[in-house]
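In this note's numbering, the protein residues as written are 802 to 1155.
These notes are about the structure you will find just below.
Quick look at the structure:
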């Protein structure tokens, strides 16, 4: 057990971490390290309720599990995992426990010391848990856990509220994307399909969680500018006239202008709207960008957008088979599309490049 800095200094250091942390894991890791360093705990962990919303940095993980499903033991741990999931009896008692829960060892688990983490409403949000193989918890160890559980309560509540706000924003963006489908029945389902495919390709290319969020948000809004198109252009049954084609191309800038009215939209999401019709060889529109001058989220989305358009029926064509559509995208590798994106799309779709 390390004596370390005084408790007040330690609490201040951890509070500063908690106030700036972008995810539960980044906030909790130093907290759990502190617990194991300054107590006799052999391991420490934070468990969060299944129905609580994970922080953005934790989004790739399955839903957190304090209850119900032990096959998803999502937690942040220091040392060996104390338990795969909290025993039902511990969960039940934590729900009603105002202070620390101190349980002696049993044949099923070692000695436990648990601190409930609650939302402002008083509902149980999660739990800090310490285990030890022998001995008793001292009053100083209990006081340290009380102090740190207060900090974790603030951090978890803040991140939970921020994530709920992001979810509300995401639902609003999806609704805007679906508004175009309500006007053009041929596009029905396109927004969700292409957003899901682009997200999978982004994951295959190891985009960071924040970049995946921006890609997804831009995908929802990629054609929002088409809401400004007149019916004779949007619903034209055959090839567009030169005048119609020029008017169609204006939907990119008009969509960008609309999306800029949303102050919470990250720049990378705007990139998807602005550049998803650019081509790798520079022959696209509206700016004629080429290669890596086209932002990566737009390059990813462009290939997914074309693939979904080809595999969907339109008034001017039947739906292509996925194999034929993928072959078309592969043929455009290095001209229309980024070769690395094509490779990732091929991997996601489970086909081998032709």
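Just so it is clear, CB atoms sit at the ideal spot from N, CA and C, and this is done for glycine as well.
In the pairwise beta carbon analysis, the stretch 919–928 is classified as not touching the stretch 829–838: fewer than three pairs are separated by under 8 Å. The three-state secondary structure of residue 1117, taken from DSSP, is coil.
Taking a C-beta distance under 8 Å as the contact criterion, residue 974 and residue 1000 do not qualify as a contact pair. Taking a contact to require three or more Cβ pairs closer than 8 Å, the stretch 1134–1145 and the stretch 1068–1088 qualify as touching.
If you check the CB distance, residue 1131 and residue 1143 come in under 8 Å.
Comparing alpha-carbon positions, the option among 977, 1129, 1008, 942 lying closest to residue 993 turns out to be 977.
Burial state of residue 1089 is exposed, judged by a 10 Å Cβ sphere holding fewer than 16 other Cβ atoms. The Cβ-Cβ distance between residue 933 and residue 911 falls below 8 Å. Closest by C-alpha distance to residue 982, out of 1023, 955, 844, is 1023. In the structure shown, the three-state DSSP call for residue 842 is coil.
Remark: C-beta atoms of residue 949 and residue 931 do not approach each other more closely than 8 Å. Leaving aside the five residues that flank residue 1020 on each side, the residues in its chain whose CB is nearer than 7 Å to its CB run, in chain order, 995, 996, 999, 1073, 1102.
The C-beta of residue 1100 has 16 or more other C-beta atoms within 10 Å across all chains shown, which makes the residue buried. Per the C-alpha coordinates, the member of 1006, 1059, 1014, 956 positioned closest to residue 1028 is 1059. Cβ-Cβ distances below 8 Å link residue 919 to 925, 926, 954 in the same chain, with the five nearest sequence neighbours on each side left out; the list follows chain order.
Secondary structure at residue 916: strand, using DSSP grouped into helix, strand and coil.
Counting along the chain, residue 1020 sits inside the alpha helix (DSSP H) bounded by residues 1010–1021. Closest in C-alpha terms to residue 1135, from the list 1125, 1092, 979, comes 1092. In this structure, the CA atom of residue 1051 is about 35 Å from the CA atom of residue 1151. The three-state secondary structure of residue 940, taken from DSSP, is helix.
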